[in-house]
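Protein chains in written order, with UniProt numbering: chain A, 1 to 143; chain B, 1 to 143.
Down below is the structure, laid out as structure tokens.
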DNA sequence: ATAAACCTTGGATATAGGTCTAAGGTCAAG
DNA sequence: CTTGACCTTAGACCTATATCCAAGGTTTAT
């Protein structure tokens, strides 16, 4: 069992953030101590880990809540519903990854065009990388 | 040359957003009409495309500004500086992609464990997927 | 030549996601 | 048995990223 400050420290967030997540319906401590302190279990800790990882990959707290609600409602959920929700999130992730890949290619092209030495950056600009990218997009559209 | 509303419509954003980006130092129109209208060039349009793509992959406006500043300062920049900045952003992207991949694997495991039929979701919960994930992480740490 | 649809500026409002403050209760160490 | 680190609540405040509004000037279509 962890007190709020311990759990916060373990994940390098503020206690306030945990209280905020609780108010948002994302993560409530499994119990309270006799003096009213929030007491978090190992499972709560895992849920928090999930929340933070999901946030890190760009999901909103609302998205995360909907994923976690599977857990809360599991007796009332049916597999098909769960699967549909999860598959939707998987598609979101795939879209994000495709965008990241495209952006990575653009920046990589910029880095490659760049001399890397102490000469002027006259010919290594974001705009030049973008221009080639636009060309590439046009090219793709042609077939 | 595009007027603000034309450019906004082309990217499905509001004119307000373009004025906002200008105030933030991200994108100023290349010129103004005699009556003071913002006039955007093809290059401005490309810069906007860059801004929106960068935003879509999770960069903040501040991050994007630092990338664009390469362009503005290019006469005063040296390739090495540009390359270092771009490489830092490339690393950011690689980290994001690794996180997305890991998250995708977790959710995929959940979807796979899920029957997909109209039975109770008793055994397809985010937490169960997480538990296996934690095990996997522990496993990785062991070698 | 006038309405619709633009544009201008400056400032108010909104939403997400926290972060901090005030006023006070609890707990472990010296 | 007090000091300092923790905890409680309610609510104010903050940053990022827009979006909207007011009051007025300009352009385009009819």
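Note that CB positions come from ideal geometry on N, CA and C, so glycine has one too.
Note that the coordinates shown come from a computational prediction; the quantities given were computed from them, not determined experimentally.
Only residues of its own chain outside the window of five on either side were considered, and among them 48 and 52 have a CB closer than 7 Å to the CB of residue 11 of chain A, listed in chain order.
By the neighbour-count criterion, in which 16 or more other beta carbons inside 10 Å mark a residue as buried, residue 44 of chain A falls on the buried side. Note on geometry: alpha-carbon atoms of residue 13 of chain B and residue 88 of chain A lie some 25 Å from one another. Taking a cut-off of 8 Å for Cβ pairs, the stretch 59-71 of chain A and the stretch 28-46 of chain A do not touch, as fewer than three such pairs fall below it. DSSP places residue 37 of chain A outside any alpha helix (DSSP H), giving it a letter other than H or E. Listed as beta-bridge partners of residue 49 of chain B by DSSP are no residues whatsoever. In the three-state DSSP reduction, residue 31 of chain A falls in the strand class (E or B). Residue pairing of residue 3 of chain B in beta bridges, as defined by DSSP: B/39.
Contact between residue 96 of chain A and residue 100 of chain B holds, with the beta-carbon distance rounding to 6 Å and staying under 8 Å. Here residue 57 of chain B is near residue 103 of chain A, since their CB atoms are less than 8 Å apart. Not a single C-beta of chain A is nearer than 8 Å to the C-beta of residue 24 of chain B. Taking a beta-carbon distance threshold of 8 Å, residue 96 of chain A counts as an interface residue toward chain B. With its beta carbon less than 8 Å from one in chain A, residue 111 of chain B belongs to the interface.
Nearest CB-CB separation between residue 58 of chain B and chain A: below the 8 Å threshold. Straight-line measurement puts the Cα of residue 37 of chain B at about 58 Å from the Cα of residue 3 of chain A. For residue 13 of chain A, no Cβ of chain B is located within less than 8 Å of the residue's own Cβ.
In summary, residue 98 of chain A is exposed, with fewer than 16 beta-carbon neighbours lying within 10 Å of its beta-carbon over all protein chains present.
Within the model, the alpha-carbon separation for residue 20 of chain B versus residue 109 of chain B is close to 42 Å.
Nearest in C-alpha terms to residue 90 of chain A, of all of B/107, B/114 and B/1, is B/107. Burial state of residue 111 of chain A is buried, judged by a 10 Å Cβ sphere holding 16 or more other Cβ atoms. Of the residues assessed, residue 84 of chain B falls on the exposed side of the cut-off, its CB having fewer than 16 other CB atoms within 10 angstroms. In terms of Cα proximity to residue 8 of chain A, the closest of A/39, A/32, A/34 and A/35 is A/39. For residue 108 of chain B, the secondary structure class from DSSP, reduced to helix, strand or coil, is helix.
Chain B places a beta carbon closer than 8 Å to that of residue 90 of chain A, counting this residue as a contact. For residue 18 of chain B, the enclosing alpha helix (DSSP H) has its first and last residue at 15-23.
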